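Engineer:
Residue numbers (my numbering): 38 to 230.
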């Protein structure tokens with residue numbers, strides 16, 4: 038359906054490792070993003086998602102899809118532990134580092150949880166930029182509009198372990214690096230066309 042109605046396409050899928058633990062980190066401009074990302078990704082993704090949606094009507098479906106509930110307030114040690122478990126099994130963990138859907142369709146600041154998971158697991162991070170979903174279904178819209186959806190994948194980012202003292206600073210720096218790579222993908226892609 039995504040191919041028929043939204044002409045969805047993905048670029049640079051060859052960058053995605055077919056085996057081993059992997060984190061995929063993408064921008065989040067629409068509720069369609071997880072569906073679009075999974076549709077074009079060659080491996081099953083276990084997504085981290087905010088409790089606001091996880092605890093709703095679709096909870097059973099989200100549990101079947103192995104989604105991980107992230108609290109909006111308070112400690113998220115359980116969610117982080119579950120994310121590390123996914124990676125220990127050499128599976129794929131999907132994260133939208135912005136923490137929620139952007140109302141304006143612009144990249145927001147990333148949350149340091151992704152930096153923690155990258156440091157702690159040592160798993161490569163694949164940055165991804167999703168375009169077209171904001172036009173198709175922006176936050177607050179009920180009915181999707183026809184729009185072309187495109188996902189651009191970047192090369193795997195690998196981060197070195199840091200000591201306990203540098204961990205907080207390291208998490209913030211890694212998060213910033215990941216967000217910068219996501220932001221650059223559409224511009225880099227235009228230069229290579």
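Backbone N, C-alpha and C define an ideal beta-carbon position, used for all residues, glycine too.
Computed from a predicted structure; not experimentally measured.
One question on the structure: do residue 77 and residue 101 come within less than 8 Å of each other, judged by their Cβ atoms?
Structural biologist: no
Engineer: At the level of alpha carbons, what is the spacing between residue 209 and residue 95?
Structural biologist: 32 Å
Engineer: Measure how close the beta-carbons of residue 63 and residue 153 come, nearest whole angstrom, since I'm counting them as under 8 Å.
Structural biologist: Wrong, their Cβ atoms sit about 18 Å apart, outside the cutoff.
Engineer: Use the C-beta contact count for residue 178: other C-beta atoms within 10 angstroms, 16 or more gives buried, fewer gives exposed.
Structural biologist: In the assembly as shown, residue 178 is an exposed residue. Its beta-carbon has fewer than 16 other beta-carbons within 10 Å.
Engineer: Can you check which of these residues, 155, 175, 108, is closest to residue 70 by C-alpha distance?
Structural biologist: The shortest Cα separation from residue 70 among 155, 175, 108 belongs to 175.
Engineer: DSSP three-state call for residue 104: helix, strand or coil?
Structural biologist: coil
Engineer: For residue 138, does the three-state DSSP call read helix, strand or coil?
Structural biologist: coil
Engineer: When you compare each of 130, 192, 145 to residue 118 by their alpha carbons, which one comes out closest?
Structural biologist: 130
Engineer: Assign residue 183 to buried or exposed, taking buried as 16 or more other Cβ atoms, counted over all protein chains shown, within 10 Å of its Cβ.
Structural biologist: exposed
Engineer: According to the neighbour-count rule (16 or more other Cβ atoms, all chains shown, within 10 Å of its Cβ), is residue 168 buried or exposed?
Structural biologist: buried
Engineer: List the whole-angstrom C-beta distance separating residue 73 from residue 105, where the pair is believed to meet the contact cut-off of C-beta under 8 Å.
Structural biologist: Actually they do not touch by this definition, with Cβ atoms about 19 Å apart.
Engineer: Which residue comes first and which comes last in the alpha helix (DSSP H) that contains residue 77?
Structural biologist: 70 to 77
Engineer: Would you mind reading off the limits of the beta strand (DSSP E) that contains residue 59?
Structural biologist: 59 to 63 is the extent of the beta strand (DSSP E) around residue 59.
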